[in-house]
Each structure stands twice: as structure tokens, then as C-alpha cells.
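A.B. asks: The structure under discussion is supplied below as C-alpha cells; questions concerning it will follow.
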Amino acid sequence: MDIEGIRFGRDHRPISYPENFRIKVVQEVERGLLSKEAARRKYGIGGKATVLSWCRKYGREDYPYMPGEIQNKPKTADEKDKRIAELEIKLKQKELAVDALESLIEVANEMYGTNLKKKIGLKRSRK
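Under our numbering, the first residue of the sequence shown is numbered 8, with each subsequent residue one higher.
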């Protein structure tokens with residue numbers, strides 16, 4: 008592979024790629040000619056996320072920053088409102104569960120005369 012402008016490191020792997028090369032790779036990925044991994048292997052690009060970062064920088068599509076981000080992204084205002092309502096319900100349930108557990112700890116402390124809550128900042132004893 009002979010591409011002008013590529014600098015090579017000590018292990019003979021490229022460490023710098025010219026911008027026109029990056030754009031060419033991104034265009035091939037966006038056209039569906041190659042997957043990101045296939046482009047990386049074809050051109051000997053180091054780093055598993057290099058092509059993805061190029062796609063985010065030079066590409067036309069919205070590439071996810073985390074796996075599944077695009078699939079979980081609400082599309083409309085109604086879906087967003089519905090998702091917010093679901094999350095608020097889950098939050099209330101978690102708050103109730105925490106309150107119940109704290110009450111249980113208080114009752115156990117009174118019954119057994121101890122403090123079951125973990126003390127923050129104390130080191131555990133070694134045995």
C-alpha cells in the first residue's frame with residue numbers, strides 16, 4: 008500500500024494518515040463497500056476505534072458513542088415524553104425500595120442494639 012503522506016512508527020505501522028486518505032476510507036464505509044473493521048484490515052489502520060473516530064469526524068451519518076445508542080434514541084417528542092414518564096416511575100420505585108430498606112435497618116438497629124449501617128471512611132480490620 009503506497010499512500011503519500013503516511014508517517015510510519017518504529018514498528019512500521021502508520022502513525023499519521025493524510026486527511027484525504029481518512030475521507031476516502033470514511034466514504035467507502037458509508038457507501039457500504041466496507042465495514043469499519045474491514046477497512047481497518049484492508050488499509051492496515053492501527054487501533055480498533057480509529058476508523059470509527061474518522062467516521063464521526065468526517066462522515067455524514069450520526070455514529071453512536073456507545074453500543075446501542077442509536078437504537079435507544081427516542082425519535083419524536085411523544086416518545087421522549089413517554090420515556091421520561093417511564094424513567095420517573097422507575098425512579099419512584101427505587102426511592103421507595105431505598106426507604107423500605109432504611110426503615111428495615113432502623114428496626115434491626117433498635118431490636119439488636121447495633122448500628123448496621125456501614126461507616127464511611129473507616130478501614131476494615133485485617134485478619
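Even for Gly, the Cβ is constructed at its ideal location relative to N, Cα and C.
Using the DSSP secondary-structure output, state which residues sit across from S42 in a beta bridge.
C.D. replies: As a first step, residue 42 must be located in the sequence shown, where it is residue number 35. Answer is none; S42 lacks a bridge partner.
A.B. asks: Along the chain, where does the alpha helix (DSSP H) that runs through Y119 open and close?
C.D. replies: Translated into the one-based positions of the sequence shown, residue 119 becomes position 112. Run containing Y119: 84-119, per the alpha helix (DSSP H) assignment.
A.B. asks: Answer yes or no: do V6 and R48 have a C-beta to C-beta separation smaller than 7 Å?
C.D. replies: Past the edges of the chain, shown from 8 to 134, lies residue 6, and the structure says nothing about it.
A.B. asks: Give the range of the alpha helix (DSSP H) segment to which L123 is assigned.
C.D. replies: Mapped onto the sequence shown, residue 123 falls at position 116. That residue, L123, is in no alpha helix (DSSP H); it is neither H nor E in DSSP.
A.B. asks: Would you mind giving the Cβ-Cβ distance between Y65 and R38, rounded to the nearest angstrom? I have them listed as a contact below 8 Å.
C.D. replies: Start at 1 with the first residue of the sequence shown, and residue 65 comes out as number 58. Start at 1 with the first residue of the sequence shown, and residue 38 comes out as number 31. Actually they are not in contact, since the Cβ atoms of Y65 and R38 sit about 13 Å apart, beyond 8 Å.
A.B. asks: Give me the Cα-Cα distance between E76 and V33, rounded to the nearest whole angstrom.
C.D. replies: As a first step, residue 76 is located in the sequence shown; it is residue number 69 there, counting from the start. As a first step, residue 33 is located in the sequence shown; it is residue number 26 there, counting from the start. Per-residue confidence for E76 stands at a pLDDT of 47, beneath the threshold of 50, marking its modelled position as unreliable; no derived number is given.
A.B. asks: Y24: buried (16+ other C-beta within 10 angstroms of its C-beta) or exposed?
C.D. replies: As a position in the sequence shown, residue 24 is number 17, starting the count at 1. So Y24 ends up on the buried side.
A.B. asks: CA-CA distance, N116 and L123?
C.D. replies: For this step, residue 116 is matched to residue 109 along the sequence shown. For this step, residue 123 is matched to residue 116 along the sequence shown. For N116 and L123, the distance between alpha carbons rounds to 6 Å.
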